[in-house]
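Below is one structure, written out as structure tokens; the observations come after it.
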Amino acid sequence: MSPVQTRPESPQPPGVPRWVAMFYEPASASWRVGAESPYRFPVAYAMGEMTQTLRARDADPVVTLWGPKGGEWERHDPPAAAPPTPPPPPAGEAGAPGGAPSRFEERLTDRRQQVLMAGLGKAGLYDLAPDDLAAVQAVVDGLDETAVRRIAHWLTVAGGDRAGASQA
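Numbering (the numbering used here), first residue to last: 81 to 248.
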């Protein structure tokens, strides 16, 4: 059983209340502002992008979202989710000898997954649970690139509507 890690407490950002993403830097044991805006959507989007980048670098990001409420600061902790771990490819999948996919097929799959994850991010879905990642993988494995791009486009359009609503 692994020891329970305690999450460091994020300090309130300086200045007037606005939307701010605070990231914890373990190396310096300090918090830094990762994104800020008078609107929630751009900060949430940047927070998702930065979280994905840090996870791609094998880091375990700790982030807190702060926002205004009644002229005061309010903390909005993002939901905890396991770091994304792509499921292993199905045994016997077509491709290179031995059932492993070829480099070309891997690149196409990676590209379809990036397109879909970007669309989900633009729709406001950033920190996905393991079940969500399995669903993304199923879509990526089951559809060609054109279909995945259409789905990502729909998500982007939906996210654009959401951005307009959050800025109003």
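Note that beta-carbon positions come from the ideal geometry of N, C-alpha and C, so glycine has one too.
Return the bridge partner residues of residue i from the DSSP annotation.
i           : result
residue 101 : 115, 145
residue 153 : 148
Nearest-angstrom Cα distance between residue i and residue j?
i           : j           : result
residue 172 : residue 124 : Per-residue confidence for residue 172 stands at a pLDDT of 45, beneath the threshold of 50, marking its modelled position as unreliable; no derived number is given.
residue 140 : residue 132 : 10 angstroms
residue 222 : residue 114 : 36 angstroms
residue 108 : residue 138 : 18 angstroms
residue 154 : residue 224 : 43 angstroms
residue 207 : residue 149 : 23 angstroms
residue 156 : residue 211 : 23 angstroms
residue 176 : residue 182 : Residue confidence for residue 176 is low, a pLDDT of 43 falling below 50, so the modelled location carries little weight; the figure read from the coordinates is stated next. Cα-Cα distance, rounded: 5 angstroms.
residue 152 : residue 122 : 20 angstroms
residue 186 : residue 197 : 16 angstroms
With distances taken between CB atoms, is the gap from residue i to residue j smaller than 7 angstroms?
i           : j           : result
residue 147 : residue 204 : no
residue 195 : residue 232 : yes
residue 235 : residue 200 : yes
residue 111 : residue 94  : no
residue 237 : residue 192 : no
residue 127 : residue 142 : no
residue 104 : residue 88  : yes
Quiz item: With a cut-off of 8 angstroms, do at least 3 Cβ pairs link the region 88-106 to the region 212-223?
Solution: no
Quiz item: Where are the beta strand (DSSP E) runs, 3 residues long or more, that stay fully inside the region 104-142, in chain order?
Solution: 110-117
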